[in-house]
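Accompanying notes for the structure given below.
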Amino acid sequence: MTEKRIKAVIPAAGLGTRFLPATKAMPKEMLPVVDKPAIQYVVEEAVASGIDDILIILGRNKNNISNHFDSVPELESNLANKGDHEKLRRVKAPTELADIHFVRQGEPKGLGHAVLRSRNHVGDSTFAVLLGDDLIDVRDTLLTKMIDENQKSGLTVIALMEVDPEHIHMYGAAAVEATDDPDVVRVTGLVEKPKKEDAPSNFAVIGRYVLNPGVFDILERTEPGKGGEIQLTDALQELAVTEGVLGVVFRGRRYDTGDRVDYIKAIVQLASDRDDLGPELRPWLKDFASQL
Ligand code: UTP
């Protein structure tokens, strides 16, 4: 738990084109990971780090997400009448997690633009951003460490993960300097989706941020960058060279559910670790793998 409560923003307004046609009528953040939509894991992670006020940025197909965090009286009374308390608990859990608010992005003009849509709700305070398709395993705390680092230094904090240099072109890449803490680096520069030969390091920016409100003024004047989108990375680059940005290096389990192969890995890993599904799944998986 942290001393000062902050709000969280979860952008979930991207087009999710890598998952078409599954994402034609449903946001990718609602794809089920075992038996919960990806975004529910992300909300649970925010709550576990002490956050109780969450703003979700919605795009098209907005109702899917807002309905998930709302109650469904007919389903709840049906389960209650049957005495199916376990399923009733699972249906009600998302509605009881936190104080959840919604705002529309309108047009998907980029992650930076989505974050800017949270300005009225967040106001002049530090806030967390968690990408709705990026899962951090509950057993590996990351956000709590980032909030602590922000509270100690007063600086914006981003999450970094070392990736194979062959994959750095899919991420924002950070130029970094070491600090006294092996898990914390000073970020001296950022570049969005660089070619392998142009990447300043193989430290990739992953989907957790603790941002100072000064980022909003920068985003207001950030021009479209890579892919014609308003990039959060470009605004963070400006912050890195002005007031400074820290990076927390994450070495735990992360699942990018916006990517098809990572999505499948997430389901297999999470299901095989579960007490209710693992005992049946694990021997089957071993047998399946031995035939590959
Ligand atoms: P991605 O680049 O992974 O999302 O954005 P995308 O554009 O939907 O994915 P593909 O490449 O077409 O499959 C990272 C995060 O930012 C959100 C997305 O929902 C995702 O959580 N996002 C992106 C927005 O909310 N608005 C945008 O305009 C762009």
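Per my numbering: the sequence shown = residues 973 to 1264. Yeah, the Cβ is synthetic: ideal placement off N, Cα and C, and Gly gets one too. Bear in mind the structure is a predicted one, so any value in this text is a computation, not a measurement.
Whole angstroms is fine: what's the gap from Y1143's alpha carbon to K996's?
24 angstroms
Counted within 10 angstroms of its Cβ, other Cβ atoms place P1251 as buried (16 or more) or exposed:
exposed
Let me know the secondary structure DSSP gives A980 once reduced to three states.
Residue state, collapsed to three classes: strand.
Within 10 angstroms of its Cβ, does R1226 collect 16 or more other Cβ (buried), or is it exposed?
The residue in question, R1226, is buried, as its Cβ has 16 or more Cβ neighbours within 10 Å.
Between P983 and A1086, is the Cβ-Cβ spacing less than 8 angstroms?
yes
Proximal residues to M1118 (C-beta, below 7 angstroms), its chain only, five neighbours per side dropped:
V1129, A1131, R1180, V1182, V1220
Since F1175 contacts E1121 with CB under 8 angstroms, what's their CB separation in whole angstroms?
No, F1175 and E1121 are not in contact; Cβ-Cβ is about 16 angstroms, not under 8 angstroms.
Tell me whether D1234 counts as near ligand 1, meaning its Cβ is closer than 7 angstroms to at least one heavy atom of that ligand.
Every heavy atom of ligand 1 is 7 angstroms or more from the Cβ of D1234, so no.
Is the region 1154-1164 touching the region 1039-1047, taking contact as three or more C-beta pairs under 8 angstroms?
no
If you reduce the DSSP assignment to three classes, tell me which class G1186 lands in.
helix
Considering H1085, what are the terminal residues of the alpha helix (DSSP H) in which it resides?
1083-1088
Beta strand (DSSP E) runs wholly inside the region 1129-1189, at least 3 long, in chain order
1144-1150, 1156-1164, 1175-1183
Once the 5 residues before and after H1139 are set aside, which same chain residues still bring their CB inside 6 angstroms of it?
none
In whole angstroms, what is the alpha-carbon distance linking P1137 and I1178?
Answer to the nearest angstrom: the Cα atoms are 15 angstroms apart.
Using the three-state DSSP reduction, which class does V1233 fall into: helix, strand or coil?
helix
Using CA coordinates, which residue listed in A980, L1208, A1070 is at the minimum distance from H1093?
A980
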